[in-house]
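Visitor: A single structure is presented below for examination.
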Amino acid sequence: MKKIVFFNTKGGTGKTTLCYNYGWYLADKRNKKVLFIDFDPQINLVKAFGNVPPSALEKGFERFIVNYLKRDPVNLAEYIVKINDHIDLLPSSNSVSQLDEHLTNYLLNRAGREGQVYQALHRNIIIKRVLEEHLRDGDYDFVLIDSQPNYSLLSTTAILYAQNIIVVVRPELFSYLDIHYLFKIMENLEEKFEIKVRIVCTIINAFERRRKMSQTIVDGFYKNFGDRIKILNQKIRYLSAYQSSITMERRPVFLSFPASEATHDILKAFQEMDVLVDRSTNGTDAIPE
Ligand SMILES: Nc1ncnc2c1ncn2[C@@H]1O[C@H](COP(=O)(O)OP(=O)(O)OP(=O)(O)O)[C@@H](O)[C@H]1O
Ligand SMILES: [Mg+2]
3 MKKIVFFNTK
13 GGTGKTTLCY
23 NYGWYLADKR
33 NKKVLFIDFD
43 PQINLVKAFG
53 NVPPSALEKG
63 FERFIVNYLK
73 RDPVNLAEYI
83 VKINDHIDLL
93 PSSNSVSQLD
103 EHLTNYLLNR
113 AGREGQVYQA
123 LHRNIIIKRV
133 LEEHLRDGDY
143 DFVLIDSQPN
153 YSLLSTTAIL
163 YAQNIIVVVR
173 PELFSYLDIH
183 YLFKIMENLE
193 EKFEIKVRIV
203 CTIINAFERR
213 RKMSQTIVDG
223 FYKNFGDRIK
233 ILNQKIRYLS
243 AYQSSITMER
253 RPVFLSFPAS
263 EATHDILKAF
273 QEMDVLVDRS
283 TNGTDAIPE
């Protein structure tokens, strides 16, 4: 089971758009079984599916963890929404960020009862362990996580659990700073949890051919980071089809607009990505404790 998180500390780079499209691509074009998990209180990924019933949203990821903390017997299948034969979704609600408080209170109570000291990192470890206990290797081919754009309990847990990051960048002023910040976060998590975090690849999204600055910044990415991260050769251009396919049709771009330039870019990028995903995730799924 390959676990991947779409991440960047910068907002609005296209993480949700690419996470959603990649999952559909794996399911539709490669016959893979995919679980999406929305780790973002904005729940844009959940909204992209459009047809999730409110009753399912009341369950989801947050309820699953909270019920686990209450020592209710939890069955993950009851919290998952089936989208089609190949795609499942573990949704979140806007209040998923309250997990932070739930876990802090839980650990404080436990500390009082047991006379033990717990640290902030135990909150991450609990979420990771619960997911590992309930998501077994054969359940899915891929678990794809959409993360919020910051350093938080949720985003760091997503990285800790998946350990494989796909970075989505937009060639804009200051985007270098985001990559530097990402390296810092990775080093911090690797040290704290004694794990190896891998950047599967970096996707350049919303590239504007007619804007010279777009190309200048891309050249800068290669110059500054080319030896540390694999940047996909295929850039994703700025094209309205990415937005309209999700907001109007609730479908990936290659199903909504199969003959479009947007479909051309994204399928070429994903084919290139497949090789890197295999390389990054193969045989390295085990997480050192
Ligand atoms: N290649 C593209 N061309 C044009 N519009 C795009 C492209 N990629 C994403 N968008 C649009 O940009 C906006 C932000 O995209 P998206 O929500 O995927 O970013 P995000 O990184 O997930 O944002 P956040 O950090 O808030 O979670 C959306 O309206 C989306 O439709
Ligand atoms: Mg998003």
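Under this note's numbering, the first residue of the sequence shown is numbered 3, with each subsequent residue one higher.
All C-beta atoms, glycine included, are put in the ideal place defined by N, C-alpha and C.
#1: Say whether chain C places a C-beta atom closer than 7 Å to the C-beta of residue 137.
#2: For residue 87, does the count of other Cβ atoms within 10 angstroms reach 16, so buried, or fall short, so exposed?
#3: Grab the span of the beta strand (DSSP E) containing residue 63 for me, first residue to last.
#4: So, for residue 35: in the same chain, excluding its five sequence neighbours on each side, which residues have a beta-carbon less than 6 Å away from its beta-carbon?
#5: Pairs of beta-carbons, one from the stretch 237-248 and one from the stretch 198-211, closer than 8 Å: are there three or more?
#6: Mapping DSSP to helix, strand and coil, what is residue 272?
#7: Which class does residue 90 belong to by DSSP, given the choice of helix, strand or coil?
#8: By Cβ distance below 6 Å, which residues in the same chain neighbour residue 177 in space, the five residues on each side in sequence not counted?
#9: Tell me the DSSP secondary structure of residue 84 in three-state form.
#10: Hey, out of 179, 50, 57 and 156, whose CA is closest to residue 82's CA?
#11: Nearest by alpha-carbon distance to residue 258: which of 222, 46 and 246 is it?
#12: Any heavy atom of ligand 1 inside 6 Å of the beta-carbon of residue 293?
#13: Between residue 278 and the rest of its own chain, which residues show a CB-CB distance below 7 Å, the 5 nearest in sequence each way excluded?
#14: Taking buried to mean at least 16 other C-beta atoms within 10 Å of its own C-beta, is residue 2 buried or exposed?
#15: Say the cut is 6 Å; is the CB of residue 96 nearer than that to a heavy atom of ligand 1?
#16: State the beta-bridge partners of residue 204 as determined by DSSP.
#17: So which residues touch the region around ligand 2, with touch meaning a C-beta under 5 Å from any heavy atom?
#18: Since residue 209 is in the beta strand (DSSP E), which residue starts that stretch and which ends it?
#19: Distance, Cα to Cα, residue 18 vs residue 252?
#20: Under three-state DSSP, which class holds residue 128?
#21: Cβ of residue 152 within 6 Å of any heavy atom in ligand 1?
#22: Taking the Cβ atom as the reference point for each residue, do residue 130 and residue 163 lie within a distance shorter than 7 Å?
#23: Between 113, 136 and 117, which lies nearest to residue 296 when the distance is taken from Cα to Cα?
#24: Would you identify the three-state DSSP class for residue 45, choosing helix, strand or coil?
#25: Excluding sequence positions up to five away, which residues of its chain have a Cβ less than 7 Å from the Cβ of residue 188?
Guide: Reading off the structure:
#1: Note that chain C does not occur in the displayed structure, where there is just one protein chain.
#2: exposed
#3: Element bounds for residue 63: not the beta strand (DSSP E) but the alpha helix (DSSP H), 62-71.
#4: Same-chain partners within the cutoff: 88, 142 and 143.
#5: Segments in contact, yes.
#6: helix
#7: strand
#8: 171
#9: strand
#10: 57
#11: 246
#12: Outside the shown range of the chain, which is 3 to 291, sits residue 293, and nothing can be said about it.
#13: 202, 203 and 232
#14: Any property of residue 2 remains undetermined from this structure, which presents the chain solely from 3 to 291.
#15: no
#16: DSSP lists 169 and 233 as partners of residue 204.
#17: 17, 18 and 46
#18: Where residue 209 is concerned, there is no enclosing beta strand (DSSP E), given that its DSSP letter is neither H nor E.
#19: Spanning the alpha carbons of residue 18 and residue 252 requires a straight line of approximately 13 Å.
#20: helix
#21: Not under cutoff, so the answer is no.
#22: yes
#23: It is not possible to answer for residue 296, since the shown part of the chain is limited to 3 through 291.
#24: Here residue 45 sits in coil by DSSP.
#25: 199
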